[in-house]
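These notes concern the structure reproduced below.
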Amino acid sequence: MGKGSSTPIIDELRVEPGAPAELEQRNPASRLGLGEKPDGQARSQELLEVLDDLHNRLWAEARRSVVLVLQGMDASGKDGTVKHCLGGLNPMSVRVAGFKAPNSTELAHDFLWRIHQVLPQRGEIGIFNRSHYEDVLVVRVEELVPKQIWKKRYAAINEFEEHLANEGTTVVKLFLNISEEEQAKRFRERIADRTKNWKFSPDDLAKRTRWDDYMTAYRAMLERTSTDAAPWHIVPADHKWVRDAVVTEVLTQTLEGLDLKWPELAPQLKALVVT
Ligand code: AMP
Ligand code: MG
Numbered sequence: 454m455g456k457g458s459s460t461p462i463i464d465e466l467r468v469e470p471g472a473p474a475e476l477e478q479r480n481p482a483s484r485l486g487l488g489e490k491p492d493g494q495a496r497s498q499e500l501l502e503v504l505d506d507l508h509n510r511l512w513a514e515a516r517r518s519v520v521l522v523l524q525g526m527d528a529s530g531k532d533g534t535v536k537h538c539l540g541g542l543n544p545m546s547v548r549v550a551g552f553k554a555p556n557s558t559e560l561a562h563d564f565l566w567r568i569h570q571v572l573p574q575r576g577e578i579g580i581f582n583r584s585h586y587e588d589v590l591v592v593r594v595e596e597l598v599p600k601q602i603w604k605k606r607y608a609a610i611n612e613f614e615e616h617l618a619n620e621g622t623t624v625v626k627l628f629l630n631i632s633e634e635e636q637a638k639r640f641r642e643r644i645a646d647r648t649k650n651w652k653f654s655p656d657d658l659a660k661r662t663r664w665d666d667y668m669t670a671y672r673a674m675l676e677r678t679s680t681d682a683a684p685w686h687i688v689p690a691d692h693k694w695v696r697d698a699v700v701t702e703v704l705t706q707t708l709e710g711l712d713l714k715w716p717e718l719a720p721q722l723k724a725l726v727v728t
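Take the sequence shown: its position 131, counted from the start at 1, is 584 in my numbering, and no numbers get skipped.
Dropping the structure here:
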């Protein structure tokens, strides 16, 4: 995202390249001065209309693309973000990809192989529900590959994302920052609510016991892969409406920054008369 198209909220949430992420100082329950829930929701609603128009222009122009990378602990609201912030866009030019533990074919390739295949085409907005960052998060914490392999991935990711930027794909990276307490609350809901049972897995509890290790891995990720080409933003995610307002704002500003124009009719076509 070009800095020229930033807003004070976005500036506050950005992890400056090369600077500490200051994760401990970032309040997951912050309301960012957005007021009460109805205020935040009204703001999201307004921005979603602007976003819809910008998205149509992106598609019409068909020269560039945007990919939104969502990372966060279990129950941080990645699925909800996709639904609330992107659900109203034209499905024709939206491409959603979710990343689970790699299958045997994926494991038989380098970690970026499966990522590259599902990137948005020119004109599309892509959404990654988890991403190549799992390969320096869960993989690091659970020691799924040796350290000498995962430690080289930060640089590989930075190069990959710079390459994408050079080729016309803007990479927008959002860390949905929820507190340990809010996660517990959402897990309890998933157990108590019949319609949410399916979202819960025992593996979520196992991961929760390693919260501090995950935060260490997240901090390293934020500090080592926030770059000028693709900076990280830390989204306060304890309040779903704050999260939605921020994600909508970041996306809208990103597309604003692309200065998208409706393609013009070719001069020779302007003279044509339709009878
Ligand atoms: P969910 O997001 O709840 O559908 O869960 C997906 C699971 O896949 C999470 O536990 C992730 O940590 C896991 N996962 C995603 N990518 C990888 C990866 N590259 N290696 C290992 N596990 C992964
Ligand atoms: Mg899950």
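Glycine is no exception: its CB is placed at the ideal position from the N, C-alpha and C atoms. Nothing here was measured: the structure is a model prediction, and the numbers come from that model.
Does residue i pass the burial test, meaning 16 or more other C-beta atoms within 10 Å, or should it be called exposed?
| i | result |
| --- | --- |
| histidine 616 | exposed |
| glycine 471 | exposed |
| arginine 639 | buried |
| arginine 593 | buried |
| serine 483 | buried |
| isoleucine 602 | exposed |
| valine 560 | Checking the sequence, you will find leucine at residue 560 rather than valine. Leucine 560 is exposed by the Cβ-count criterion. |
Using C-beta distances below 7 Å, list every residue in its chain close to residue i, excluding the 5 sequence neighbours before and after it, in chain order.
| i | result |
| --- | --- |
| leucine 487 | Gly493, Arg496, Val695 and Ala698 |
| threonine 460 | Glu702 and Gln706 |
| aspartate 505 | Gly541 and Leu542 |
| lysine 693 | Gly530 and Gly533 |
| arginine 661 | Gln636 |
| threonine 669 | none |
Relative to the ligand MG, is the shortest distance from any of its heavy atoms to the C-beta of residue i smaller than 7 Å?
| i | result |
| --- | --- |
| serine 518 | no |
| serine 654 | yes |
| aspartate 657 | yes |
| aspartate 681 | no |
Using DSSP with H/G/I as helix, E/B as strand and the rest coil, what is residue i?
| i | result |
| --- | --- |
| serine 518 | strand |
| isoleucine 631 | coil |
| proline 573 | coil |
| lysine 723 | helix |
| arginine 548 | strand |
| phenylalanine 640 | helix |
| glycine 455 | Note that glycine 455 scores a pLDDT of 46, beneath 50, so its modelled location is shaky; the value from the coordinates is reported in the next line. The answer is coil: DSSP assigns glycine 455 none of H, G, I, E or B. |
| lysine 626 | strand |
| glycine 591 | The sequence as given places valine at residue 591; glycine does not occur at that position. Helix, per DSSP. |
| proline 599 | coil |
| glycine 579 | strand |
| arginine 479 | coil |
| histidine 562 | coil |
Would you say the beta carbon of residue i comes nearer than 7 Å to a heavy atom of the ligand AMP?
| i | result |
| --- | --- |
| lysine 553 | yes |
| valine 592 | yes |
| leucine 597 | yes |
| arginine 639 | no |
| glutamate 642 | no |
| aspartate 527 | yes |
| arginine 583 | yes |
| aspartate 666 | no |
| aspartate 588 | yes |
Which one of the options has the shortest CA to CA distance from residue i?
| i | options | result |
| --- | --- | --- |
| aspartate 588 | Ile610, Gly576 and Leu572 | Ile610 |
| arginine 583 | Val522, Thr678, Val688 and Arg516 | Val522 |
| leucine 500 | Ser632, Ser546, Ala670 and Cys538 | Cys538 |
| arginine 510 | Glu559, Pro720, Met545 and Gly525 | Met545 |
| lysine 714 | Ser654, Ala513 and Ile644 | Ala513 |
| valine 700 | Asp646, Lys626 and Ser632 | Lys626 |
Who are the Cβ neighbours of residue i in its own chain at under 6 Å, not counting the five residues just before and after it?
| i | result |
| --- | --- |
| glycine 455 | Residue placement at glycine 455 is poorly supported in this model, since its pLDDT is 46, which falls under 50; the coordinates are not used for a value here. |
| serine 518 | Pro573, Arg575, Glu577 and Thr622 |
| isoleucine 687 | Leu466, Arg479, Phe628 and Asn630 |
| glutamate 607 | The question names glutamate, yet the displayed sequence has tyrosine at residue 607. Closer than 6 Å at the Cβ level, and outside the excluded window around tyrosine 607, lie Arg677 and Thr678. |
| alanine 618 | Ala682 |
Please list, in chain order, all residues of the same chain as residue i whose beta carbon is under 8 Å from its beta carbon, the five residues on each side excluded.
| i | result |
| --- | --- |
| valine 468 | Ala474, Leu675, Glu676, Ser679, Pro684, Trp685, His686 and Ile687 |
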